[in-house]
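Taking mature numbering (1 follows the signal peptide of the UniProt record, and there is no 0), I'd label the letters of the sequence shown as residues -18 to -1, 1 to 313.
Notes follow the structure.
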Amino acid sequence: MFLCLGVFLAGLVAIAEGSVCATSYKGACIDIFSTCPSGYVQSYSHCGFLELCCYPQHSTSTGTGTGTGTGSHTGTGTGSHQTSSGAQCGIPDVTSHRIVGGTVATAHAYPWQVSLRYGSHHMCGGTIIDSQWILTAAHCFEDTTHSYWTVATGIHDRGHIYRSQVHNVRNVIVHTGYSSRSNHNDIALIKLDKPLDLTDSTTKAACLPNKYEDFDGLVCTVTGWGALHTDGPGTRLLNEVDVPIMDSNRCKYYLGNVIYGSNICAGYNQGGRDACQGDSGGPLVCKKDSVYKITGVVSWGYGCAKRHAPGVYTRVSSFIDWINTNKARHP
């Protein structure tokens, strides 16, 4: 879920239950544990928390086309290409032959991508950074009960998830400085109940960047199961899109004083390629030093892929000390 400014929890639009979905598909909001009637399609991107949108199967959207994707590159914060548990990071076994502008990713080309699920429903993305640790966005956990969350790993098609791929959560650690008003410090860690097997080709960690490492000028990748256009439904298959890291001064010029030093912006001046609803918490990865590093966590934006409105991410290199400290506190 991609958090648009002023909308807090995975890009869902906060409207009353049973009201019209905030989408050009002209659907209706129902309880998330209910089922859409025959002839209707469901989406989790347009209603309030714990609601889904049911819209007619043959509706057409007037939204503006966008892509989806995330990028990430991980390390230990000291230039190592291993996680703290000793596993290799940032090198997938599968190469993605992507089309710049947004497309379905090659299966398991981004093995650090996970689906955060509330109940049985995909709510946010996340990134494996070690055998028991997932990096994601703080806004995903607003007004939720932590015991209801699970993490699905090694998946490409959200329609085919096996029980062995779903992992229980031991701890959710939200940054104490997170503000839902400003989206400042929009970062969180999840500790899984049991370690993952990072030797599996479908499940690997991204490398953490060095503290304050710079990625300006690089073209990076964002991945997720989010909408392909504003107000669109999420996708079943993992999507990716390439976006350039934008100069911080240019981003502040476009978006104003809502951009902090702990943010990183990515996108094109003309728009057209971006993360969107359903991608929140997922990875923005950059390939550097021959490995993929988790550069940003999908946080918020003004709509999806609009002109002069780049996507805003939490800058992971600003939080290396916070990550390491909290991992040490929860061995």
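We treat Cβ as the ideally placed atom computed from N, Cα and C, and that holds for glycine.
| message | If distances are taken between C-alpha atoms only, which option among C268, S262 and Y100 comes closest to I169? | response | For the set C268, S262 and Y100, the Cα lying nearest the Cα of I169 is the one of S262.
| query | If you pair each beta-carbon of the segment 177 to 190 with each one of the segment 224 to 236, do three or more pairs fall below 8 Å? | reply | The answer is no - the segment 224 to 236 does not touch the segment 177 to 190, with fewer than three Cβ pairs under 8 Å.
| request: Pick helix, strand or coil for residue 314, following the three-state DSSP scheme. | output: Residue 314 lies beyond the stretch modelled for the chain, which goes from -18 to 313, so this question has no answer here.
| task | Can you say whether G283 is buried or exposed, counting buried as having 16 or more other CB atoms within 10 angstroms of its CB? | result | G283 comes out buried.
| Sequence-distant residues of its chain with Cβ nearer than 6 Å to I172 (five each side left out) | The beta carbon of I172 is closer than 6 Å to those of I116, V151 and V154 in its chain, skipping five residues each way along the sequence.
| task | Could you check the C-alpha separation between Y236 and G243 for me, to the nearest Å? | result | Take the alpha-carbon of Y236 and the one of G243: they are about 15 Å apart.
| message | Let me make sure I understand the geometry here. Which of C11, S281, Y22 and D303 has the alpha-carbon closest to that of H166? | response | The residue with the shortest Cα to Cα distance from H166 is S281.
| message | If contact is defined by three or more beta carbon pairs under 8 Å, each pair taking one atom from either stretch, is the segment 191 to 208 in contact with the segment 270 to 279? | response | With the rule of 3 Cβ pairs closer than 8 Å, the segment 270 to 279 counts as touching the segment 191 to 208.
| query | If we ignore side chains and look at the alpha-carbon of each, how far apart do V156 and W94 end up? | reply | In a straight line, the C-alpha of V156 is about 20 Å away from that of W94.
| task | Give me whichever residues DSSP pairs with V96 in a beta bridge. | result | According to DSSP, V96 bridges with G108.
| Bridge partners - C189, DSSP secondary structure assignment | Partner(s): K275.
| field | Own chain residues within Cβ distance below 6 Å of T42, not counting five before or after | value | Its pLDDT being 31, under 50, T42 is placed unreliably by the model, and nothing is read from it.
| query | Taking the alpha carbon of H121 as the point to measure from, which residue in Y144, T85, S161 and T109 has its own alpha carbon closest? | reply | Here the closest residue by C-alpha is S161.
| field | C-alpha gap between L180 and A69, whole angstroms | value | Spanning the two alpha carbons is a distance of roughly 7 Å.
| Roughly how many angstroms lie between the CA atoms of I137 and V201, to the nearest whole one? | When rounded, the distance between both Cα atoms is 25 Å.
| task | Using alpha carbons as the reference points, say which of V223, D271 and D182 lies closest to Y250. | result | Minimum Cα-Cα distance from Y250 among the listed residues V223, D271 and D182 corresponds to V223.
| said: Tell me which residues share the same chain as Y130 and place their Cβ nearer than 8 Å to its Cβ, disregarding the 5 neighbours each side in the sequence. | reply: Non-local beta-carbon contacts of Y130 in its own chain, meaning distances under 8 Å to residues more than five positions away in sequence, involve Y100 and G101 in chain order.
| Which residues does DSSP pair with E195 in a beta bridge? | Beta-bridge pairing links E195 to no other residue.
| task | Using 10 angstroms around the beta-carbon of residue 315, count the other beta-carbons present and answer buried if the total reaches 16, otherwise exposed. | result | A query on residue 315 cannot be resolved here, the shown segment of the chain reaching from -18 to 313 and no further.
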